[in-house]
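Under the numbering used here, think of the first position of the sequence shown as 14, with each following residue one higher. All C-beta atoms, glycine included, are put in the ideal place defined by N, C-alpha and C.
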Amino acid sequence: MIIAVDGPTASGKGTIAKALSAHFDLPHLDTGLLYRAVGRQVFLDGGDPDDAGDALAACSFPDALLDDPRLRNEETGGLASRVSIHPNVRKALFERQRSFATQAKGAVLDGRDIGTVIAPEADAKLFVIASVEARAQRRFLEMRERGVKVTLLEIADDLRRRDERDRNRAVAPLVAADDAITLDTSGLDRDEAIAASVAAVERLVAQKRGGGS
Ligand code: DC
Numbered sequence: 014m015i016i017a018v019d020g021p022t023a024s025g026k027g028t029i030a031k032a033l034s035a036h037f038d039l040p041h042l043d044t045g046l047l048y049r050a051v052g053r054q055v056f057l058d059g060g061d062p063d064d065a066g067d068a069l070a071a072c073s074f075p076d077a078l079l080d081d082p083r084l085r086n087e088e089t090g091g092l093a094s095r096v097s098i099h100p101n102v103r104k105a106l107f108e109r110q111r112s113f114a115t116q117a118k119g120a121v122l123d124g125r126d127i128g129t130v131i132a133p134e135a136d137a138k139l140f141v142i143a144s145v146e147a148r149a150q151r152r153f154l155e156m157r158e159r160g161v162k163v164t165l166l167e168i169a170d171d172l173r174r175r176d177e178r179d180r181n182r183a184v185a186p187l188v189a190a191d192d193a194i195t196l197d198t199s200g201l202d203r204d205e206a207i208a209a210s211v212a213a214v215e216r217l218v219a220q221k222r223g224g225g226s
């Protein structure tokens, strides 16, 4: 079984994908981490994330970079969003994601284009959304816990900028697949969001098995 979980930054899709992976006993790939590694590698190379050539060169980042905690920070998130608009970068990362998705055991992948480009045949597709306010608040609490000094307003502005870039890029923009279930986590806590996503996937899989739509 392949489960695709797409959605914008801080929508809760990562938490949901991890929980689905544990619940259905499927390996999980956070595809945003690959774009983050490319963004970080461009920075380490002293390159320009807006330059397609520099970004492509950074796609051969060493695997060890994926374990670097700095990939999770906001600066790297911004760089990832910038390198991800280049079609050559998306192409370079495609095979890795595609082979993860099609492994015999099945898989859960989360990102922006899993249900539309990487695994359009996925058995269950969730499109996880939340209001900018709810997402900014979650990020704010997370960052405060890590001791990062930032205002709610700065986070909200950054989220809007990133959404705009992810939604409007020419290749593989952030958009719900036609057959995805949209899950709005704005008013849900962590456990409620997980319970709703497990229920949604079970419903989709049962429908598929029953041949319904
Ligand atoms: O999910 P995230 O915040 O870790 O993703 C970081 C950036 O990577 C995001 O702004 C857009 C890009 N991305 C993408 O273009 N396609 C994916 N499948 C995953 C992430």
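Residue j beta carbon less than 8 Å from that of residue i
i, j, result
"Leu165", "Gln150", "yes"
"Arg53", "Leu78", "yes"
"Gly20", "Ile207", "no"
"Pro62", "Val96", "yes"
"Leu196", "Ala185", "no"
"Leu39", "Lys118", "yes"
"Ala183", "Thr129", "no"
"Gly124", "Gly45", "yes"
"Arg178", "Ile98", "yes"
"Ala23", "Arg152", "yes"
Given residue i as reference, the closest of the options once Cα atoms are compared
i, options, result
"Leu57", "Leu84, Ile29, Asp170 and Val141", "Leu84"
"Asp43", "Ser34, Glu108 and Gly27", "Gly27"
"Arg111", "Asn101, Ala30, Thr195 and Ala135", "Ala135"
"Ile194", "Leu217, Ala30, Lys104 and Gly59", "Leu217"
"Met156", "Gly91, Arg49, Ile168 and Pro100", "Ile168"
"Ser34", "Phe153, Ala120 and Val55", "Ala120"
"His41", "Phe113, Glu108, Gly160 and Gln220", "Phe113"
"His36", "Glu215, Pro75 and Ile127", "Glu215"
"Ile127", "Asp204, Ala219, Asp192 and Glu205", "Asp192"
"Asn86", "Asp204, Gly160 and Pro100", "Gly160"
Nearest-angstrom Cβ-Cβ length linking residue i and residue j, presumed shorter than 8 Å
i, j, result
"Leu122", "Ala137", "Contact flag wrong, Cβ pair sits at about 11 Å."
"Ser199", "Ala147", "4 Å"
"Ile29", "Leu201", "Not a contact, Cβ separation roughly 10 Å."
"Arg109", "Leu187", "Incorrect: roughly 20 Å between the Cβ atoms, too far for contact."
8 Å Cβ shell around residue i - same chain, five flanking residues per side excluded
i, result
"Thr115", "Ile15 and Ala132"
"Ala32", "Ile207, Ser210 and Val211"
"Asp176", "Pro21, Thr22, Val145 and Leu187"
Own chain partners of residue i with C-beta closer than 7 Å, once the 5 adjacent residues on each side are dropped
i, result
"Cys72", "Val51, Val102, Ala105 and Leu106"
"Thr89", "Arg49, Gly52, Arg53 and Arg83"
"Leu92", "Gly52, Arg53, Val55, Phe56 and Pro62"
"Val145", "Ala169, Leu172 and Arg173"
"Lys221", "Asp136"
"Arg203", "Thr28"
Residues near residue i in its chain [Cβ-Cβ closer than 6 Å; skip 5 each side]
i, result
"Gly60", "Asp67"
"Asp80", "none"
"Phe74", "Ala50 and Gln54"
"Gly180", "Here the sequence assigns Arg to residue 180, which means Gly is not the residue at that position. Once the five neighbours on either side are set aside, the close Cβ partners of Arg180 are Pro186 and Leu187."
"Pro100", "Val184"
Every unbroken alpha helix (DSSP H) inside the region 76-160 [4 residues or more]
Those alpha helix (DSSP H) runs which fall completely within the region 76-160 and span 4+ residues are 87-96, 100-114 and 145-158.
I'd like the ranges of any alpha helix (DSSP H) spanning at least 4 consecutive residues and lying wholly in the region 26-72.
26-37, 45-58 and 65-70
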